[in-house]
Amino acid sequence: MIAGGCTFLYNDKVVIKIKGSETMLILTNRLALEYSKENPKINFVVEAGGTAAGFKALVANEIMISTASRNLEPEEIKLVSDKYGSIGVSTSIAKDALCIYVNRDNPLESLTIQEIKKIFLGQITNWNELGWIDNPINVYLRNGTSGTLQLFQKLVLENEQFVSSSKQFNSNESLQQAVANDIYSITFSGFVKNSNCKIVSIENISPDSTNVLRGYYPLSRYLHLYTLKQPEDEIKKFINWVLSPKGQNIIEEEGFYALFNYSLD
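Position one of the sequence shown corresponds to residue 3 (this note's numbering), numbered consecutively onward.
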């Protein structure tokens, strides 16, 4: 395998390595697959691991693109700035909702932001405090490398710590399955297409496309592709394609919210 600028060449094919957000994994794989169909000489290696892990791999020059479900933290900006003399380039490709998930047999339809905060801080611990059954609330979370978890902690918990009794999972798939199997559980994640769990509205506002794109839904975020420098060559072509009508249609097909259609200069 021969390094060639911001890509790798292997058996006469360009290989683009991407790592990062678990939320974006299925979407990134689909984008890579469809792009490779149109461009057979381009191969992709796509991994998850979380936004933080992806960015570390980018700074270490192990990958070409890191996917992120949140903005960079100050310490991450300092890390890349100290090493490369710049803060890199972020390209927003879609919008997503941070959704609250419960078991399908849970009758609750909506929670307030304050109720959600108190649940995940451990200040509300029983479902009867929310008008349901007398049973403890089981809080399930992604692990600490998750950009979704870090963003939720910042936006909802105001950087306070999650309840100590919460259980952590390494992937969105295992997290969703755990909630589907536990009637008394609750979690949060980005929007999951064809989820076997139930989404609870926030302040009686559902995370549909209108509410998310117009900013009515309280917990929404942009999804990003990060590169160490201004995209060029095959990286630029791929990102332009993601921002094109074809790429944006795939984003909507995968349950996210397309932003616009444009190309990089």
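Ideal Cβ placement from N, Cα and C applies to all residues, glycine included. Note that the structure is a prediction, hence the values are computed from the model and not measured.
Can you give the Cα-Cα distance for residue i and residue j, rounded to whole angstroms?
| i | j | result |
| --- | --- | --- |
| residue 56 | residue 127 | 34 Å |
| residue 109 | residue 177 | 20 Å |
| residue 251 | residue 260 | 7 Å |
| residue 232 | residue 248 | 22 Å |
| residue 173 | residue 91 | 27 Å |
| residue 222 | residue 164 | 20 Å |
| residue 18 | residue 262 | 24 Å |
| residue 39 | residue 192 | 27 Å |
| residue 149 | residue 158 | 14 Å |
| residue 119 | residue 59 | 32 Å |
| residue 93 | residue 27 | 17 Å |
| residue 125 | residue 196 | 31 Å |
| residue 264 | residue 245 | Here the model assigns residue 264 a pLDDT of 49, short of 50, so the residue's position is not dependable and the matter cannot be decided. |
| residue 5 | residue 235 | For residue 5, the predicted structure reports a pLDDT of 35, less than 50, and the residue's modelled location is therefore unreliable. The matter cannot be settled from this model. |
| residue 137 | residue 175 | 25 Å |
| residue 99 | residue 79 | 24 Å |
Determine the extent of the alpha helix (DSSP H) in which residue i is found, giving its start and end residues.
| i | result |
| --- | --- |
| residue 192 | Run containing residue 192: none in the alpha helix (DSSP H); it sits in the beta strand (DSSP E), 187-192. |
| residue 225 | Counting along the chain, residue 225 falls outside any alpha helix (DSSP H), though it belongs to the beta strand (DSSP E) covering 222-229. |
| residue 248 | 247-255 |
| residue 86 | 76-86 |
| residue 40 | 27-40 |
| residue 213 | 211-215 |
Rounded to the nearest angstrom, how far is the Cβ of residue i from that of residue j, given a contact under 8 Å?
| i | j | result |
| --- | --- | --- |
| residue 112 | residue 203 | 4 Å |
| residue 214 | residue 103 | Their Cβ separation, rounded to whole angstroms, is 16 Å, which puts residue 214 and residue 103 out of contact at 8 Å. |
| residue 21 | residue 71 | Going by Cβ atoms, the distance from residue 21 to residue 71 rounds to 13 Å, so no, they are not a contact pair. |
| residue 171 | residue 145 | 7 Å |
| residue 96 | residue 253 | 5 Å |
| residue 105 | residue 187 | 6 Å |
| residue 139 | residue 129 | 6 Å |
| residue 256 | residue 29 | 5 Å |
Residue i bridges to which residues according to DSSP?
| i | result |
| --- | --- |
| residue 49 | 21 |
| residue 98 | 223 |
| residue 126 | None; residue 126 has no bridge partner. |
| residue 140 | 187 |
| residue 201 | 103 |
| residue 241 | In the DSSP output, where bridge partners are listed per residue, residue 241 has none listed. |
| residue 61 | In the DSSP output, where bridge partners are listed per residue, residue 61 has none listed. |
| residue 170 | 143 |
| residue 91 | 229 |
| residue 259 | 97 |
| residue 135 | Answer is none; residue 135 lacks a bridge partner. |
In terms of residues, what are the limits of the beta strand (DSSP E) holding residue i?
| i | result |
| --- | --- |
| residue 150 | Counting along the chain, residue 150 falls outside any beta strand (DSSP E), though it belongs to the alpha helix (DSSP H) covering 149-157. |
| residue 174 | Element bounds for residue 174: not the beta strand (DSSP E) but the alpha helix (DSSP H), 174-183. |
| residue 114 | From DSSP, residue 114 is part of no beta strand (DSSP E); its letter is neither H nor E. |
| residue 68 | 67-70 |
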